[in-house]
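K.L.:
First the structure, which I've put down as structure tokens, then a few questions once you've had a look.
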Amino acid sequence: MPEFPIVDTHLHIWDMDRLAYSAFEGHPLFGRSYHIEDYQRDCGPLDIEAMVFLECYADFTATGGQYIEEIEFVEEAAERDPRIRAIVPMAPLEWGNRAEPILEQMKSDHPSVKGIRRIVEFDDDPRALTLSDRFIEGVNLLDKFGYHFEINVNHTQMDIVREFVKHIPNVPMILDHCGKPGIAEGEIDQYRRDIRELVQHPNLWIKLSDLPVEADHENWTEEDLRPYIDATFETFGFERTIYAGDYPICLQATTLPRWVDVLDNMLTGTSYEERRRFYRDNANDFYRLGLNNETSAA
Numbered sequence: 006m007p008e009f010p011i012v013d014t015h016l017h018i019w020d021m022d023r024l025a026y027s028a029f030e031g032h033p034l035f036g037r038s039y040h041i042e043d044y045q046r047d048c049g050p051l052d053i054e055a056m057v058f059l060e061c062y063a064d065f066t067a068t069g070g071q072y073i074e075e076i077e078f079v080e081e082a083a084e085r086d087p088r089i090r091a092i093v094p095m096a097p098l099e100w101g102n103r104a105e106p107i108l109e110q111m112k113s114d115h116p117s118v119k120g121i122r123r124i125v126e127f128d129d130d131p132r133a134l135t136l137s138d139r140f141i142e143g144v145n146l147l148d149k150f151g152y153h154f155e156i157n158v159n160h161t162q163m164d165i166v167r168e169f170v171k172h173i174p175n176v177p178m179i180l181d182h183c184g185k186p187g188i189a190e191g192e193i194d195q196y197r198r199d200i201r202e203l204v205q206h207p208n209l210w211i212k213l214s215d216l217p218v219e220a221d222h223e224n225w226t227e228e229d230l231r232p233y234i235d236a237t238f239e240t241f242g243f244e245r246t247i248y249a250g251d252y253p254i255c256l257q258a259t260t261l262p263r264w265v266d267v268l269d270n271m272l273t274g275t276s277y278e279e280r281r282r283f284y285r286d287n288a289n290d291f292y293r294l295g296l297n298n299e300t301s302a303a
């Protein structure tokens, strides 16, 4: 375990009695509610200083969604566990500038909101959505509010991301789950090519999370993940790589403590300052959490 409390930048909680999540209905693992108390239990021995909530793909339509309702649900959870320091909801950025009133409401009424995520991975036409003029307009609008944008795709869609980021010069962005690389398919060469191109954009960071889910769920080993973890640090360095757990999605293949154990093993030989940047300080800076960033060697 790290020698200091860590920041988990990818927490999901949901209440199926309060909001509608059609994507989870009938799923053997996700077809029930997950509350902050479930996360607290499943952290086991991990010392978590702060968490960032990420939207959970609550149902939406072309004309609206449960954007504010999900924020309010998480704010209530934060009253029970104030370590939830930031919220990254969904917003209809595909509306372009017409999304501005919703963003204004989030900014004025919900100060814990730090950025926006719009999952394009599951869209009917991810390329048409992501590269549309209106979507690009909507993402660039986030600069006005001091928000960042989170990119969620899988490895078969990374060519879309490589083109998309060229149109977003000022908004800070982060690639969730390393772009879900094709670990089960052995696509390490593709992953290296993709991130070598993406790192050229200084406003893009990368979130190291969920790799066991992209491997063989039942039979993955640390050696399966090592090339992807090594490539991430070799390319983005400790300056722009951020830790995340992705609870409860990670439970398909691992536990939160086991994922940290894997990363600890991969980080053998790194400095205290490097580990602290990865596990804590980068998250504090990127998500503007307001934690004390003073370091002292253990």
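Quick note on my numbering: the sequence shown kicks off at 6 and runs consecutively. Yeah, the Cβ is synthetic: ideal placement off N, Cα and C, and Gly gets one too. On a predicted model such as this, the values are computed, not experimentally measured, just so you know.
#1: Going by C-alpha to C-alpha distance, which of 78, 169 and 56 sits closest to residue 63?
#2: Three-state secondary structure (DSSP) at residue 290?
#3: Would you be able to state if there are at least three C-beta pairs under 8 angstroms between the segment 245-259 and the segment 286-297?
#4: What are the partner residues of residue 212, as DSSP defines its beta bridges?
#5: With a Cβ-Cβ cutoff of 8 angstroms, do residue 229 and residue 188 count as a contact?
#6: Please classify residue 155: does DSSP put it in a helix, a strand, or coil?
#7: Quick check: residue 139 and residue 80, are their CB atoms within less than 8 angstroms of each other?
#8: Enumerate in chain order the residues of its own chain whose CB-to-CB distance from residue 1 is below 6 angstroms, with the five nearest sequence positions on each side excluded.
#9: For residue 199, which beta-bridge partners are listed by DSSP?
#10: Helix, strand or coil: how does DSSP classify residue 228 here?
#11: Note down, in chain order, each residue of its chain lying with its Cβ closer than 7 angstroms to the Cβ of residue 271, except the 5 sequence neighbours on either side.
#12: Check whether the segment 34-51 touches the segment 64-76, taking contact to mean three or more Cβ pairs, one atom from each stretch, closer than 8 angstroms.
#13: Measure the alpha-carbon distance for residue 111 versus residue 118 and round it to whole angstroms.
#14: If we count Cβ pairs, one from each stretch, closer than 8 angstroms, do we get three or more for the segment 141-151 versus the segment 179-198?
#15: Relative to the C-alpha of residue 9, which candidate in 51, 30, 35 and 47 has its C-alpha closest?
#16: Could you give the DSSP three-state label for residue 186: helix, strand or coil?
#17: Keeping to the same chain, check which residues put their C-beta closer than 6 angstroms to that of residue 135; ignore five residues upstream and five downstream.
#18: Taking all protein chains shown into account, decide if residue 33 is buried (16 or more other Cβ within 10 angstroms of its Cβ) or exposed.
#19: Alpha carbon to alpha carbon, what distance is there between residue 57 and residue 209?
#20: When the Cα atoms are used, what is the spatial distance from residue 273 to residue 241?
P.N.:
With the given structure in hand:
#1: In the sequence shown, the residue the question calls residue 63 occupies position 58. Residue 78 is the option with its Cα nearest to residue 63.
#2: Taking the sequence shown and counting its residues from 1, one reaches residue 290 at position 285. In the structure shown, residue 290 sits in a helix (DSSP, three-state: H, G or I).
#3: yes
#4: Within the sequence shown, numbered from 1, the residue matching residue 212 stands at position 207. DSSP lists 247 as partners of residue 212.
#5: Along the sequence shown, one-based indexing puts residue 229 at 224. Along the sequence shown, one-based indexing puts residue 188 at 183. Contact: yes.
#6: Here residue 155 refers to the residue found at position 150 when the sequence shown is read from its first residue. Of the three classes helix, strand and coil, the one that applies to residue 155 here is strand, per DSSP.
#7: Start at 1 with the first residue of the sequence shown, and residue 139 comes out as number 134. Start at 1 with the first residue of the sequence shown, and residue 80 comes out as number 75. No, these two residues do not count as a Cβ contact at 8 angstroms.
#8: Residue numbering for the chain in the displayed model covers 6 to 303; residue 1 lies beyond these limits and cannot be assessed.
#9: For the purposes of this step, residue 199 is identified with residue 194 of the sequence shown, where counting begins at 1. According to DSSP, which records beta bridges pairwise, residue 199 is partnered with nothing at all.
#10: As a working note, residue 228 is residue 223 in the sequence shown. Residue 228 falls in the helix class under three-state DSSP.
#11: Along the sequence shown, read from residue 1 onward, the residue named residue 271 stands at position 266. Cβ neighbours of residue 271 beyond the five flanking positions: 231 and 234.
#12: no
#13: Position 106 of the sequence shown, counting from 1, holds the residue named residue 111. Position 113 of the sequence shown, counting from 1, holds the residue named residue 118. The alpha-carbon atoms of residue 111 and residue 118 are separated by roughly 7 angstroms.
#14: no
#15: Sequence index remark: in the sequence shown, residue 9 carries index 4 (1-based). Checked all of 51, 30, 35 and 47; the closest Cα to residue 9 is 51.
#16: The residue labelled residue 186 in the question sits at position 181 within the sequence shown. Residue 186 falls in the coil class under three-state DSSP.
#17: For the purposes of this step, residue 135 is taken as residue 130 along the sequence shown, with counting starting at 1. 125, 165 and 169.
#18: Here residue 33 is taken as the residue at index 28 of the sequence shown, counted from 1. Result: exposed.
#19: Translated into the one-based positions of the sequence shown, residue 209 becomes position 204. Translated into the one-based positions of the sequence shown, residue 57 becomes position 52. Their Cα atoms are separated by approximately 18 angstroms.
#20: Walking along the sequence shown from the start, residue 273 turns up at place 268. Walking along the sequence shown from the start, residue 241 turns up at place 236. Each residue's Cα considered, the two are about 18 angstroms apart.
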